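In this note's numbering, the protein residues as written are 199 to 311.
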């Protein structure tokens, strides 16, 4: 089994987007040994889940292929794939590792009074 590095960033309770707030965060190892960081966050009355993972051996995959890869490796994603609900971006983590960030719109957030 290959050893993959987990994406590293020290964002505290903020996401990479400064106006959003992280609700929950966990790390998980996939069936193939790849580590992912799962971050649940809220912004503008929506809840999002972003899956951060190394691009190694996945550099040329489309966002649908990456979504299907995560599901095939045991990640429970509660939303079916839809182009409008899933976004994907490449980025360098704080250790200059090339990573994917796959974000799914999970739900509408409760409006706070």
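We put the beta carbon where it would ideally sit given N, CA and C, even for glycine. All of these numbers come straight from a predicted model, not from anything done at the bench.
Using a 10 Å radius around the Cβ and a threshold of 16 neighbouring Cβ atoms, would you call residue i buried or exposed?
i	result
residue 300	buried
residue 217	exposed
residue 248	buried
residue 235	buried
residue 279	exposed
residue 229	exposed
For residue i, which option in the options has the closest C-alpha, if you only look at C-alpha atoms?
i	options	result
residue 302	227, 291, 276 and 267	276
residue 307	231, 279, 244 and 284	244
State the DSSP-derived secondary structure class of residue i, mapped to helix, strand or coil.
i	result
residue 279	coil
residue 312	There is no way to answer for residue 312, as the model of the chain reaches only from 199 to 311.
residue 271	coil
residue 226	strand
residue 263	helix
residue 308	coil
residue 217	coil
residue 231	coil
residue 294	coil
- Query: When the Cβ atoms of the segment 276–296 are set against those of the segment 218–232, are three or more pairs found closer than 8 Å?
  - Reply: no
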